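K.L.:
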Amino acid sequence: MRLLPLKVVIAPFSLTNAQTEALKEVRADMASHERMLRLVQGDVGSGKTLVALLSMATMVEAGRQAAMMAPTEILARQHYERMLPLCEAARVKLALLTGRDKAAERKKTLAALEAGDIDIVIGTHALFQET
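Using my numbering, count along the sequence shown one by one with no gaps and you end on 596.
#1: List the endpoints of the continuous beta strand (DSSP E) containing Leu561.
#2: For the 8 angstroms Cβ check, are there 3 or more pairs between the region 533–548 and the region 490–502?
#3: Cutting at 7 angstroms between CB atoms, please list the residues of its own chain near Arg547, excluding the five before and the five after it.
#4: In terms of residue numbering, what span does the beta strand (DSSP E) encompassing Ile587 cover?
#5: Determine the DSSP secondary structure at Met533, reduced to helix, strand or coil.
#6: Can you tell which of Asp494, Gly528, Glu595, Thr481 has its C-alpha closest to the C-alpha of Met507?
#7: Does DSSP put Val516 in a helix, a strand or coil?
#8: According to DSSP, is Met495 helix, strand or coil?
#9: Within 10 angstroms of its Cβ, does Asp584 collect 16 or more other Cβ (buried), or is it exposed?
#10: Would you kindly check if the distance between the Cβ of Val491 and the Cβ of Ser511 is under 9 angstroms?
#11: Mapping the DSSP letters down to three states, classify Val525 as helix, strand or coil.
Set out below in structure tokens:
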């Protein structure tokens, strides 16, 4: 998989050494044939969400979609709101999917996902619910 320096495209600032190393390790795992099980750990505000976004952008760059599941709707919405400006600047299509979405909105989001019109979706358990 060819990997571009996405941090230049998405993040309007330099990554810390720890963020750069975490991203490097995640991207190496993603490029291997082995299943990746990784925990990114850090204090509040240490850049875990940015590492997750850049990791998902790696998948978008490879022509795939990515999803990020948060344990609560509040956290899913916070991630979405923080990622949206960065994604818009990089022309990465971001969506939000939660259990509170109205049926018509949910149907529209799911159709866009299926059509490949959404690159990254942030959501709650609604990401894997059958209905």
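Idealized CB from N, CA, C, for every residue including glycine. Just so we're clear, the structure is a prediction, and the values are computed from it rather than from any experiment.
P.N.:
Looking at the atomic coordinates:
#1: By one-based count along the sequence shown, residue 561 stands at place 96. 559–562 is the extent of the beta strand (DSSP E) around Leu561.
#2: no
#3: In the sequence shown, residue 547 corresponds to position 82, counting from 1. Same-chain partners within the cutoff: Thr514.
#4: Your numbering for residue 587 matches position 122 in the sequence shown. Here the beta strand (DSSP E) through Ile587 covers 585–588.
#5: In the sequence shown, the residue the question calls residue 533 occupies position 68. Met533: strand per DSSP, three-state reduction.
#6: To locate residue 507, count along the sequence shown from 1; it is residue 42. A quick correction: the sequence has Gly, not Met, at residue 507. Of the candidates Asp494, Gly528, Glu595, Thr481, the one whose C-alpha sits nearest the C-alpha of Gly507 is Thr481.
#7: Start at 1 with the first residue of the sequence shown, and residue 516 comes out as number 51. If DSSP states are grouped into helix, strand and coil, Val516 belongs with the helices.
#8: Translated into positions along the sequence shown, residue 495 becomes position 30. In the three-state reduction of the DSSP assignment, Met495 falls in the helix class, which pools H, G and I.
#9: Here residue 584 refers to the residue found at position 119 when the sequence shown is read from its first residue. So Asp584 counts as buried.
#10: Position 46 of the sequence shown, counted from the first residue, corresponds to residue 511. Position 26 of the sequence shown, counted from the first residue, corresponds to residue 491. Not in contact: Ser511 and Val491 (Cβ atoms no closer than 9 angstroms).
#11: For the purposes of this step, residue 525 is taken as residue 60 along the sequence shown, with counting starting at 1. The answer is helix: DSSP assigns Val525 an H, G or I state.
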